[in-house]
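Undergrad: According to my numbering, the residues represented by the sequence shown are 1106 to 1350, in order.
In this text, a Cβ means the ideal position worked out from N, Cα and C, and glycines have one as well.
For reference, the structure I am asking about is given below.
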Amino acid sequence: MRECDTAPLHASSGDQAPLSLDEVLASRPVAPATNLLECARRADGGAAFIVADSNFIDATLGHDALSSPSGVASPQLGPFAARGGVVVLGGGEASGPLYPPPRISDEVFSCEHAAGSAYSEAQLLPSDIDWFGLYDCFPICYVRALEAVGLARKGEGGRWVERAHAATQAEGYEPSVLPVNTHGGLLGFGAPWEVPAMYNVIEACDQLLGTAGQRQVGDVRRALVYGNGGIFSHSAVAILAQPVD
């Protein structure tokens, strides 16, 4: 429901009107514990970003506003790079079984291992992260991701979602109350094949640079993004941050 509420705040979102809890629960069942409106939105779309060494950027295009002695960015830089862009603090990958085994167990889920590697490399804790972009193709994926990245204790992701839903219903609600998937995620923004995790990265960049408009979450200094492939088969996590010279 949180994704359905915030998705209309993004001009490119597939959902341009919020859905009520009753609408979601009344939608057609597609599995024993999942209704149609609890599935990722099918969509066409694409996303792109450039990853480059900061020394390469300085050598080829000139300094950004942070590293320029005068504080003025090179006119050759676009507005994103001119503000310093975003830096990668750490990352992690992990894999589980290619196909779901007859009995589903914790070994199937790879996000915990990927998140642990990313936190270790960045030398950060979940409490150090200001914004989260989580892969949420179905409710169970969202719940497992919440637990894997440390927002909720293991086995308590469902209760975390219930508390978060209650908090977002308050009058005068601000995105900072729940700094997760403010663009709508797969459930609200849309899920073109193999693209959604990149939407998480792009929203993280907007949040870190303060360009998310109505979706902006206070002063975001660090963001975690998570992408999943297969049926929990492979996970990749990255921790991004505002640049500091």
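Between residue 1179 and residue 1337, how many whole angstroms is the CB-CB distance? I'm expecting something under 8 Å.
TA: With a Cβ gap of about 44 Å, residue 1179 and residue 1337 do not count as contacting.
Undergrad: Check each candidate in 1340, 1270, 1286 and name the one with the smallest Cα separation from residue 1328.
TA: Measuring from the Cα of residue 1328, the nearest candidate turns out to be 1286.
Undergrad: Quick one: grab the DSSP three-state call for residue 1265.
TA: Note: residue 1265 maps to helix in three-state DSSP.
Undergrad: Between residue 1234 and residue 1194, what straight-line distance do the alpha-carbon atoms span, to the nearest angstrom?
TA: Roughly 12 Å separates the two Cα atoms.
Undergrad: DSSP three-state call for residue 1201: helix, strand or coil?
TA: Residue 1201: coil per DSSP, three-state reduction.
Undergrad: Please list the terminal residues of the continuous beta strand (DSSP E) segment that includes residue 1333.
TA: First-last of the beta strand (DSSP E) with residue 1333: 1327-1334.
Undergrad: Thinking C-alpha only, which one of 1192, 1171, 1126 is nearest residue 1157?
TA: Out of 1192, 1171, 1126, 1192 has the C-alpha closest to the C-alpha of residue 1157.
Undergrad: What three-state label does DSSP hand residue 1183 in the structure shown?
TA: In this structure, residue 1183 counts as coil in the three-state DSSP scheme.
Undergrad: For residue 1140, which beta-bridge partners are listed by DSSP?
TA: BP columns for residue 1140 point to 1134.
Undergrad: Classify residue 1345 as helix, strand or coil using the three-state DSSP reduction.
TA: Residue state, collapsed to three classes: strand.
Undergrad: Determine, using beta-carbon pairs with one atom in the region 1146-1161 and one in the region 1280-1300, whether at least three such pairs fall under 8 Å.
TA: A contact exists between the region 1146-1161 and the region 1280-1300.
Undergrad: Give every residue of the same chain whose Cβ lies closer than 7 Å to the Cβ of residue 1170, excluding the five residues on either side of it in the sequence, and list them in chain order.
TA: Result list for residue 1170: 1176, 1177, 1178, 1187, 1188, 1189, in chain order.
Undergrad: Let me make sure I understand the geometry here. Which of 1255, 1308, 1267, 1222 has the alpha-carbon closest to that of residue 1288?
TA: The shortest C-alpha separation from residue 1288 is found at 1308.
Undergrad: Could you pull out every residue in the same chain whose Cβ sits closer than 7 Å to the Cβ of residue 1311, ignoring the five residues on either side in sequence?
TA: Same-chain partners within the cutoff: 1317.
Undergrad: Whole alpha helix (DSSP H) runs in the region 1208-1296 with 4 or more residues, listed along the chain?
TA: Within the region 1208-1296, the complete alpha helix (DSSP H) runs of at least 4 residues are 1216-1227, 1244-1253, 1262-1273, 1290-1293.
Undergrad: Starting from residue 1316 and walking both ways along the alpha helix (DSSP H), at which residues does that stretch end?
TA: Per DSSP, residue 1316 belongs to no alpha helix (DSSP H) and is neither H nor E.
Undergrad: Give a yes or no on contact between the region 1159-1169 and the region 1259-1267, applying the rule of three or more CB pairs nearer than 8 Å.
TA: Judged by Cβ distances under 8 Å, the region 1159-1169 makes no contact with the region 1259-1267, as fewer than three pairs qualify.
Undergrad: Please report the residue range of the alpha helix (DSSP H) in which residue 1166 lies.
TA: Element bounds for residue 1166: 1159-1166.
Undergrad: Would DSSP call residue 1126 helix, strand or coil?
TA: Of the three classes helix, strand and coil, the one that applies to residue 1126 here is helix, per DSSP.
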